[in-house]
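**Student:** Last residue of the sequence shown? That's 454 in numbering that gives the first Met the number 0, and every number before it is there in order.
Take this structure, written in structure tokens, and hold onto it; I'll ask about it next.
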Amino acid sequence: MRNSTISIACLFAVIWLGQAGAQQVTAARVTLYEGARLIVGDGNAPIENSAFLVENARFTRVGRRGEIQLPSGAARVDQSGKTVIPALVDGHSHIGYMKNLTSGAVNYTRENILDHMHRFAYFGVAASQSMGSDFGELPFQIRDDILAGKYPDAARFLTAGRGLAPLVEISPDNMRQAAFPVTTPEGARASVQELVPRKVSLIKTWVDDRGGTIKKLTPELYGAIIDEAHKNKLRVAVHATDLRDAKDLLRAGIDVFAHMISDTDEELVSLFKQHPTTAVLSALGGPHRAVYAPWLNPVHPLILETVLPEQIKRLQGRFPQRDPEQFKRSQEAWDRLARGISQLSAAGVKIGVGTDGGGQQGDQFIGWTMHAELENMVMAGLPPAKALVAATRTSAEILGLDDLGMVAAGKSADFVVLDANPLDDITNTRKISSVYLRGHRVDREKLRASFMARQ
Ligand SMILES: [Zn+2]
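If you want it as structure tokens, here you go:
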């Protein structure tokens, strides 16, 4: 039965190639990858000495070497000594704003957005969710162009379009500059309705009094956003880190927390149990690097080859915290986050990875933040296998990407080939040998040259 499925698939591949023209026949559409340790993304033990077949940009069979015969006309790639993981998925980023030492709407161009999507791909990230800082037509055009195959070396761009923020949060020099201002429930509903036909991946909003300095969205207003989104089959992601706000938002039916909540308790855990589909994206990067960033000294080679020296220097200048009091507060904040995410994870809460990469808090290097975040999660107490599931299958599930997050038959052939095993040491995700998106081997050499040529 299996064999006949394979030969039918091959037949289709041959027909397809015939129609595409003779010059494409040399590019094998069917490839058998053999010999790697394969981490499929379900949290189970890896398949040692694996084999998997990729046909027309999808995995069609996954098993052990020897179980899958080489179809006629197919290419074979030996991956002995390597470890393969599903391509990573970043559930929270801000795309198009950062450019070397500057950050702002002025940088939000097609070229800069594509540069960011190429950076994600370079770092083994298959898709990234831009969290409410997009505006205009560009995000939708670029999203669709990438899906149509126009940029084979680019990661998928998911956009929430314009977020919904209270008026006091909106300023020309921050990333909420284009957000819909929320002042009334009717207005909030109208803004959600504007986003529906754009097929946004989710709705983004903010509930944060910024340390008591502003009036945050009231439950009446965010309740209207959530209700209108749900009526239109859209989910809502919220920036909210306060424990009481998190509880109120859970009761109001929120779908995704875009950041880890700053503290947790038993009541929060039980609210999550009552709302089992509600997910948390980690976003531990900002708080953790205030107390821990060894990858800046010495600077990790992946940073050196993608970020210009002046931007690296600026980030180094922020650390280590020179004020001991500030450092102590940062350490305490991190300890609470680490305890909390371990507690939620142990309770079975759905935890994905968001990095806040490209955010304006300064030099959150696009792509790199994913690898820092994996280490953060392990340092917070998650086993490496769980951190990897969070960064692949669960993030994909949270974003509604049914065809990403695992190396499994039927999924898009998006995977990362590593020179070392991340289950031994999570920082081995940085030892990238090659990246494949939609079955295509990303041209990382070409990308690297383009990153460093940008001023
Ligand atoms: Zn953010």
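Built from N, CA and C at the ideal position, the CB exists for glycine as well.
On the DSSP bridge list, what partners appear for Pro151?
**Tutor:** Against the sequence shown, residue 151 aligns to sequence position 152. In DSSP, Pro151 forms no bridge with anything.
**Student:** I need the straight-line Cα distance from Ile311 to Ile302, nearest angstrom please.
**Tutor:** Here residue 311 corresponds to residue number 312 of the sequence shown, with the count starting at 1. Here residue 302 corresponds to residue number 303 of the sequence shown, with the count starting at 1. CA-CA distance, Ile311 to Ile302, rounds to 8 angstroms.
**Student:** Based on DSSP bridge pairs, tell me the residues matched to Phe51.
**Tutor:** For the purposes of this step, residue 51 is taken as the residue at position 52 of the sequence shown. Paired residue(s): Tyr32 and Val61.
**Student:** If you reduce the DSSP assignment to three classes, tell me which class Val298 lands in.
**Tutor:** Mapped onto the sequence shown, residue 298 falls at position 299. DSSP places Val298 in strand when its eight states are reduced to three.
**Student:** Considering Arg142, what are the terminal residues of the alpha helix (DSSP H) in which it resides?
**Tutor:** Taking the first residue of the sequence shown as 1, we reach residue 142 at position 143. Segment Leu137 to Leu146, the alpha helix (DSSP H) holding Arg142.
**Student:** Does the separation of the CB atoms of Gly162 and Lys214 fall below 8 angstroms?
**Tutor:** What you label residue 162 is simply residue 163 of the sequence shown in a count that begins at 1. What you label residue 214 is simply residue 215 of the sequence shown in a count that begins at 1. Contact: no.
**Student:** Sorry if obvious, but does the Cβ on Met130 come closer than 7 angstroms to a heavy atom of ligand 1?
**Tutor:** Here residue 130 is taken as the residue at index 131 of the sequence shown, counted from 1. Result yes, Cβ under 7 angstroms from ligand 1.
**Student:** Go ahead and label Asp322 buried or exposed: buried means 16 or more other beta carbons lie within 10 angstroms of its beta carbon, across all protein chains shown.
**Tutor:** For the purposes of this step, residue 322 is identified with residue 323 of the sequence shown, where counting begins at 1. Exposed, because fewer than 16 other Cβ atoms sit within 10 Å of the Cβ of Asp322.
**Student:** By Cβ distance below 6 angstroms, which residues in the same chain neighbour Asp442 in space, the five residues on each side in sequence not counted?
**Tutor:** As a working mapping, residue 442 is identified with position 443 in the sequence shown. So the list reads Asp152, once near-sequence residues are dropped.
**Student:** Quick one: what does DSSP say His274 is sitting in, helix, strand or coil?
**Tutor:** Residue 274 sits at position 275 when you count from the first residue of the sequence shown. Assigned with DSSP and collapsed to three states, His274 falls in coil, not helix or strand.
**Student:** Quick one: what does DSSP say Asp244 is sitting in, helix, strand or coil?
**Tutor:** As a working note, residue 244 is residue 245 in the sequence shown. It is helical.
**Student:** Beta carbon of Asp244: closer than 7 angstroms to some heavy atom of ligand 1?
**Tutor:** Taking the first residue of the sequence shown as 1, we reach residue 244 at position 245. No, since every heavy atom of ligand 1 falls outside the 7 angstroms radius drawn around the Cβ of Asp244.
**Student:** For Pro297, which option in Pro286, Phe318 and Ala278 has the closest C-alpha, if you only look at C-alpha atoms?
**Tutor:** As a working note, residue 297 is residue 298 in the sequence shown. Of the candidates Pro286, Phe318 and Ala278, the one whose C-alpha sits nearest the C-alpha of Pro297 is Phe318.
**Student:** At which residue ranges does the segment 191–253 contain complete beta strand (DSSP E) runs of 3 or more residues, listed in the order of the chain?
**Tutor:** 202–205 and 235–238
**Student:** Put Leu87 into one of helix, strand or coil per three-state DSSP.
**Tutor:** The count along the sequence shown starts at 1 and reaches residue 87 at position 88. Three-state DSSP puts Leu87 in a strand.
**Student:** So, helix, strand or coil for Phe318, using DSSP?
**Tutor:** For the purposes of this step, residue 318 is identified with residue 319 of the sequence shown, where counting begins at 1. The answer is coil: DSSP assigns Phe318 none of H, G, I, E or B.
**Student:** For the beta strand (DSSP E) that contains Leu163, what are its first and last residues?
**Tutor:** Along the sequence shown, one-based indexing puts residue 163 at 164. Counting along the chain, the beta strand (DSSP E) containing Leu163 begins and ends at Leu163 to Pro165.
**Student:** State the DSSP-derived secondary structure class of Pro421, mapped to helix, strand or coil.
**Tutor:** Here residue 421 corresponds to residue number 422 of the sequence shown, with the count starting at 1. In this structure, Pro421 counts as coil in the three-state DSSP scheme.
**Student:** Straight-line CA distance for Asn99 to Ile112?
**Tutor:** Taking the first residue of the sequence shown as position 1, residue 99 is located at position 100. Taking the first residue of the sequence shown as position 1, residue 112 is located at position 113. Cα to Cα, Asn99 sits roughly 13 angstroms from Ile112.
**Student:** Once you ignore the five residues that flank Gly42 on each side, which residues in its own chain have a CB closer than 6 angstroms to its CB?
**Tutor:** Stepping through the sequence shown from its first residue, residue 42 is reached at position 43. Contacts found: Ala384 and Val388.
**Student:** Following the continuous beta strand (DSSP E) through Ile431, name the residue where it begins and the one where it ends.
**Tutor:** For the purposes of this step, residue 431 is taken as the residue at position 432 of the sequence shown. Start and end: Ile431 to Leu436.
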